[in-house]
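Visitor: For reference, the structure I am asking about is given below.
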Amino acid sequence: MLSVLLCGVSIKDFNRSSKQINQNVLSLSLLQLVFVIVSFLSLVLSFVNSDFSNETVFNNSHTTKPLFYKISGTWGNHEGSLLLWLLVLTLFIFLFLIKSKTQPKKYRILTLLFQQIIIIGFFLFILMTSNPFNYLFPIPNEGLGLNPILQDPALAIHPPILYLGYVGTSIIFSSSLAAVTQNYVSKEWGQHIKKWVLVSWIFLSLGIMLGSIWAYYELGWGGFWFWDPVENVSLMPWLALTALLHCIVVLERRAALKSWVIILSITTFTLSMCGTFLVRSGILNSVHTFANDPARGIFILIFLFVLIVLSLGIFFIFHKENNKNLNNFFWLSRETSILINNWFMMYFLSVVLIGTVYPIFLDVISSEKISVGPPFYHKLIAPFLIPFLLFMSVGPRLKWVKSKVENKYSLILTFVVSVTLAFFIIKNLTADILFYTVLVSAAFFLFFTTLRELFIQKLNNTSQAIAHLGFSLLILSILFNSILSSEIITNMKVGEKYNYSKGEIFFKKIEERKESNFNSITAYFEVKDLKGRMVELKPEIRIYNQPIIVTSEADIKTTLLEDKFIVMNLVKGNEYFNIRYQVKPFMVWIWISVLLLSLGGAMGLFKTRT
Amino acid sequence: MKILKTFITLFLFMSFSQLHSNETNNILKNKILKNIRCLICQGQSVYDSESDFASSIKLIVDRKINEGLKEEYVYEFLREKYGDWIVYDPQLNKKTYILWLLPLLLFLFGGAIIYKKVIINKNNKT
Numbered sequence: 029m030l031s032v033l034l035c036g037v038s039i040k041d042f043n044r045s046s047k048q049i050n051q052n053v054l055s056l057s058l059l060q061l062v063f064v065i066v067s068f069l070s071l072v073l074s075f076v077n078s079d080f081s082n083e084t085v086f087n088n089s090h091t092t093k094p095l096f097y098k099i100s101g102t103w104g105n106h107e108g109s110l111l112l113w114l115l116v117l118t119l120f121i122f123l124f125l126i127k128s129k130t131q132p133k134k135y136r137i138l139t140l141l142f143q144q145i146i147i148i149g150f151f152l153f154i155l156m157t158s159n160p161f162n163y164l165f166p167i168p169n170e171g172l173g174l175n176p177i178l179q180d181p182a183l184a185i186h187p188p189i190l191y192l193g194y195v196g197t198s199i200i201f202s203s204s205l206a207a208v209t210q211n212y213v214s215k216e217w218g219q220h221i222k223k224w225v226l227v228s229w230i231f232l233s234l235g236i237m238l239g240s241i242w243a244y245y246e247l248g249w250g251g252f253w254f255w256d257p258v259e260n261v262s263l264m265p266w267l268a269l270t271a272l273l274h275c276i277v278v279l280e281r282r283a284a285l286k287s288w289v290i291i292l293s294i295t296t297f298t299l300s301m302c303g304t305f306l307v308r309s310g311i312l313n314s315v316h317t318f319a320n321d322p323a324r325g326i327f328i329l330i331f332l333f334v335l336i337v338l339s340l341g342i343f344f345i346f347h348k349e350n351n352k353n354l355n356n357f358f359w360l361s362r363e364t365s366i367l368i369n370n371w372f373m374m375y376f377l378s379v380v381l382i383g384t385v386y387p388i389f390l391d392v393i394s395s396e397k398i399s400v401g402p403p404f405y406h407k408l409i410a411p412f413l414i415p416f417l418l419f420m421s422v423g424p425r426l427k428w429v430k431s432k433v434e435n436k437y438s439l440i441l442t443f444v445v446s447v448t449l450a451f452f453i454i455k456n457l458t459a460d461i462l463f464y465t466v467l468v469s470a471a472f473f474l475f476f477t478t479l480r481e482l483f484i485q486k487l488n489n490t491s492q493a494i495a496h497l498g499f500s501l502l503i504l505s506i507l508f509n510s511i512l513s514s515e516i517i518t519n520m521k522v523g524e525k526y527n528y529s530k531g532e533i534f535f536k537k538i539e540e541r542k543e544s545n546f547n548s549i550t551a552y553f554e555v556k557d558l559k560g561r562m563v564e565l566k567p568e569i570r571i572y573n574q575p576i577i578v579t580s581e582a583d584i585k586t587t588l589l590e591d592k593f594i595v596m597n598l599v600k601g602n603e604y605f606n607i608r609y610q611v612k613p614f615m616v617w618i619w620i621s622v623l624l625l626s627l628g629g630a631m632g633l634f635k636t637r638t
Numbered sequence: 287m288k289i290l291k292t293f294i295t296l297f298l299f300m301s302f303s304q305l306h307s308n309e310t311n312n313i314l315k316n317k318i319l320k321n322i323r324c325l326i327c328q329g330q331s332v333y334d335s336e337s338d339f340a341s342s343i344k345l346i347v348d349r350k351i352n353e354g355l356k357e358e359y360v361y362e363f364l365r366e367k368y369g370d371w372i373v374y375d376p377q378l379n380k381k382t383y384i385l386w387l388l389p390l391l392l393f394l395f396g397g398a399i400i401y402k403k404v405i406i407n408k409n410n411k412t
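See the structure below:
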């Protein structure tokens, strides 16, 4: 199996030398893809068969695991996930070659070349530091098992989807470098690469959402975003990609902002790579760090450094700033509004980046440790959301090149309605009236303007309106969720009742049962609100056997208006359980709005194709 | 009888306000706990953790709040005892100027670029 990988590498070298003959290149990259698929499938197979002579399988699997998690265990570990990464890399470059037939030949080959550099880097990385096919002798009888909190459907599909997004940025990176060297950064290129930007953006959004859903119910604390370094690392490419998505539209329409597009493409990919580096190196202190090894970190760091130097070198050598006059914009136009979008995106990006990296930096320089957590991000991001949302409401209504504000009155009317609505909703809810009113009104404003655009004005840009509507809904549901959430934390034993200001919790009974890979204790709770409506919730404690880990499984009752969330923990040495009951309004809308956002993206993809 | 009535109302009122202050105390406590790092865990806040360390910190915070300490003083107390690492909200001091101000400077810088781009155009046209 190792030889399969080696074959792949030699294929690649061959690939580079034969770049003149297009048909050959295509078949070779198909061959490469097939090789990687074969090695990936063989890894999956050894997981399915619990072949413990394979070190990776031994470390991460166990015979008692259900088949589904045996398969998902393939990418639930470092080696396997890298192989998956490689698989997606080769798959994408192959798709790129097929899809770009109408593009200039030199540009295609150069893209392939740059992509191959990345692929070779990953091949070396896998072979040198993390070979998934290491042989173990004597063959152990039993594996060490997969971390139980990773045994979960959402997390099983989260890595592949996130990787599709991450790796999609590599195509953008390679092709933008190729376009620079060929001086092909033009409207046509913008149109062509926009599809790839959209695809990666959709997958990245969905991937982040899946991770977030998983954190919500599996980590068991009822939060969905912790500003944890690993989460930030996935958010950064997303922000850069979102900025890129917007300014590529400018490139497509007006052939402007060329150098900025290239810089963003490079940044996005670099951030994805940085993400891999930070997560894999073990530098970060995070709930999501499962496997790490300093040697790997150094390799990725060197590789990253080479890529950055290479890309910046190419950028400065080949890029010529021409037709400078065209680059200027009228102050009230679509271009300017997109520039403003990019401005804010870059600001959010810098906040997240500095917040994530600065503590590491400070630790290295002065060995002083500080923590940068949610309060920091909230303080720096929330106030800037207000103007951002306002610009976002007005921007898409402007015309290209030069525009004036139309329908001033309806805009003002919408604004007044939003502010009043926000004020009356917020008035009774929180102490911080002024700030929240302003923030919520801005979000409402965006919500209503995009809604209006979608249904009344019937502009041709439905995909954009839907995506923006999704974003406003996202902000609104996050805000209301954080303002309105309430929780009860208490210790209870079986048969007890707990009364609180909004109802009563009754601990009915517990049941124990045995599964193949864990023992479980299920508790039955009846929660009544003041009107006497009752829901039954069944949280669970699981004691996994391989490895021995105790996890709490939350039980969540989801309705359109709110989630009822209960989780329990063992209290050492007595019959009491620690109960945490939360009411989280509009939770489901957070997921719905991200889906809307991606749907908007997907529609955009469809539109450019037809 | 009347005295009794007043007494009962007073008692009820007091117990109610007691309850009320309990609830606000709880909200404050949760807010503080969410902003404290559990030092022995991997990236969890004390609020999210069930470890021994987290439990003892929870007790400390509870006591401090009941003593009537303000939010900032609880953080201050924990900082002195365990170092800056424990609080998620970094202070603004000479170690963290870059952390807090660099993003804002970048924002201004970006604004300046856009302003320049747009203004140059205006001058050209007029």
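Each protein sequence line maps, in turn, to chains A and B.
The opening position of the first sequence corresponds to residue 29 in this note's numbering, with each subsequent residue numbered one higher.
The opening position of the second sequence corresponds to residue 287 in this note's numbering, with each subsequent residue numbered one higher.
Even glycine gets a Cβ: it sits at the ideal position worked out from N, Cα and C.
Taking DSSP as the reference, what is the three-state secondary structure of Pro424/A?
Guide: Residue state, collapsed to three classes: helix.
Visitor: Below 8 Å on C-beta distance, what does Glu396/A contact in chain B?
Guide: Residues of chain B passing the Cβ test: Asp370, Lys381.
Visitor: Please work out which residues of its chain come closer than 6 Å, Cβ to Cβ, to Leu418/A, disregarding the five sequence neighbours upstream and downstream, and give them in chain order.
Guide: Once the five neighbours on either side are set aside, the close Cβ partners of Leu418/A are Ala470.
Visitor: Please return the same chain residues whose Cβ sits closer than 7 Å to the Cβ of Trp255/A, not counting the five positions on each side in sequence.
Guide: Gly401, Pro402, Tyr405, listed in sequence order.
Visitor: Count the other CB atoms, across all protein chains shown, that sit within 10 Å of the CB of Met562/A; report buried if there are 16 or more and exposed otherwise.
Guide: The residue in question, Met562/A, is exposed, as its Cβ has fewer than 16 Cβ neighbours within 10 Å.
Visitor: Under 8 Å: do the region 188 to 199 of chain A and the region 234 to 248 of chain A share three or more Cβ pairs, one atom per stretch?
Guide: In short, these stretches touch, since the Cβ pair count reaches three.
Visitor: How would you list, in chain order, the residues of chain A whose beta-carbon sits under 7 Å from the beta-carbon of Val373/B?
Guide: By Cβ distance, chain A contributes Ser399.
Visitor: Please classify Val444/A as buried or exposed, where buried requires at least 16 neighbouring CB atoms within 10 angstroms.
Guide: Per the 10 Å Cβ criterion, exposed.
Visitor: With 8 Å as the C-beta to C-beta threshold (strictly closer), list the residues of the region 336 to 364 of chain B near chain A in chain order.
Guide: Taking 8 Å as the Cβ-Cβ cut-off against chain A, the residues of the region 336 to 364 of chain B that qualify are Glu336.
Visitor: For Val379/A, return the contacting residues in chain B, with the cut-off set at a CB-CB distance below 8 Å.
Guide: The answer, in chain order, is Pro389.
Visitor: Kindly list, in the order they appear in chain A, the residues whose Cβ is closer than 8 Å to that of Asn321/B.
Guide: Near Asn321/B (Cβ distances below 8 Å), the residues of chain A are Gly401, Pro402, Pro403.
Visitor: Between Val225/A and Leu269/A, is the Cβ-Cβ spacing less than 8 Å?
Guide: Yes; because the gap between Cβ atoms is below 8 Å, this pair is in contact.
Visitor: Could you give the DSSP three-state label for Phe639/A: helix, strand or coil?
Guide: Here chain A covers residues 29 to 638 and nothing more, so residue 639/A does not appear.
Visitor: Bridge partners for Phe534/A per DSSP, in chain order?
Guide: Lys525/A, Glu554/A, per the DSSP bridge assignment.
Visitor: Could you check whether Glu568/A and Thr550/A sit closer than 8 Å to each other, using their CB atoms as the reference points?
Guide: Their beta carbons are under 8 Å apart, which means Thr550/A touches Glu568/A by this criterion.
Visitor: Does the Cβ of Asp338/B have 16 or more other Cβ atoms within 10 Å, making it buried, or fewer, making it exposed?
Guide: That one is exposed.
Visitor: Within a Cβ cutoff of 7 Å, which residues of the same chain sit near Glu581/A, ignoring the five residues on either side of it in sequence?
Guide: Pro567, Glu568, Arg570, listed in sequence order.
Visitor: Between which two residues does the beta strand (DSSP E) containing Lys585/A stretch?
Guide: Here the beta strand (DSSP E) through Lys585/A covers 583 to 586.
Visitor: Using a threshold of 8 Å, state whether the C-beta atoms of Leu325/B and Tyr359/B are closer than that.
Guide: Taking 8 Å as the Cβ cut-off, Leu325/B and Tyr359/B do not qualify as a contacting pair.
Visitor: Find the residues of chain B that neighbour Asn597/A, judging by a C-beta separation of less than 9 Å, and give them in chain order.
Guide: In chain order: Glu336.
Visitor: Below 9 Å on C-beta distance, what does Met374/A contact in chain B?
Guide: Within chain B, the residues near Met374/A are Leu392, Phe393, Gly396.
Visitor: Just to check, is the beta-carbon of Leu417/A closer than 7 Å to a non-hydrogen atom of the ligand ATP?
Guide: Among the ligands in the structure shown, none appear at all, so the ligand ATP cannot be discussed.
Visitor: Hey, Tyr552/A and Glu564/A: beta-carbon distance below 8 Å or not?
Guide: In contact: Tyr552/A and Glu564/A (Cβ atoms closer than 8 Å).
Visitor: Short check: CB of Pro488/B to CB of Leu387/B, under 8 Å?
Guide: The displayed coordinates of chain B run from 287 to 412. Any statement about residue 488/B would go beyond what the structure contains.
Visitor: For Ser158/A and Gly149/A, I'd like the C-alpha separation in whole angstroms.
Guide: Approximately 13 Å, taken between the alpha carbons.
Visitor: Would you mind working out which of Phe605/A, Glu554/A, Trp253/A sits nearest Thr518/A, comparing C-alpha positions?
Guide: Answer by Cα proximity: Phe605/A.
Visitor: Tell me which same chain residues have a C-beta within less than 6 Å of the C-beta of Asn162/A, skipping the five on either side of it?
Guide: Same-chain partners within the cutoff: Glu83.
Visitor: Taking the Cβ atom as the reference point for each residue, do Thr197/A and Phe333/A lie within a distance shorter than 8 Å?
Guide: Going by C-beta atoms, Thr197/A is not nearer than 8 Å to Phe333/A.
Visitor: CB-CB under 8 Å to Ser365/A, same chain, minus the five flanking residues each way: which ones, in chain order?
Guide: Phe419, Val422, Gly423, Pro424, Leu426, listed in sequence order.
Visitor: What runs of the beta strand (DSSP E), each 3 residues or longer, lie entirely inside the region 85 to 170 of chain A?
Guide: If we require 3 residues or more, the region 85 to 170 of chain A turns out to have no beta strand (DSSP E) run fully inside it.
Visitor: With respect to the beta strand (DSSP E) encompassing Lys592/A, which residues constitute its N-terminal and C-terminal limits?
Guide: Element bounds for Lys592/A: 590 to 598.
Visitor: So the candidates are Leu247/A, Gln210/A, Trp113/A, Val76/A; which of them puts its Cα closest to the Cα of Arg136/A?
Guide: Residue Gln210/A is the option with its Cα nearest to Arg136/A.
Visitor: Given Asn353/A, which residues of its chain have a CB within under 6 Å of its CB, disregarding the five upstream and five downstream residues?
Guide: Note that Asn353/A has pLDDT 46, beneath the 50 cutoff, so the model's placement of it is unreliable and the number below is only indicative. If we look at Asn353/A and ignore the five residues flanking it on each side, it has no Cβ neighbours.
Visitor: Measure from the C-beta of Asp180/A to each C-beta in chain B and report whether the shortest distance is under 8 Å.
Guide: So, not an interface residue.
Visitor: Could you name the residues that DSSP lists as bridge partners for Met237/A?
Guide: None; Met237/A has no bridge partner.
Visitor: Quick one: which chain B residues come within Cβ less than 9 Å of Asp557/A?
Guide: Within chain B, no residue comes near Asp557/A; the closest Cβ sits about 17 Å away, beyond 9 Å.
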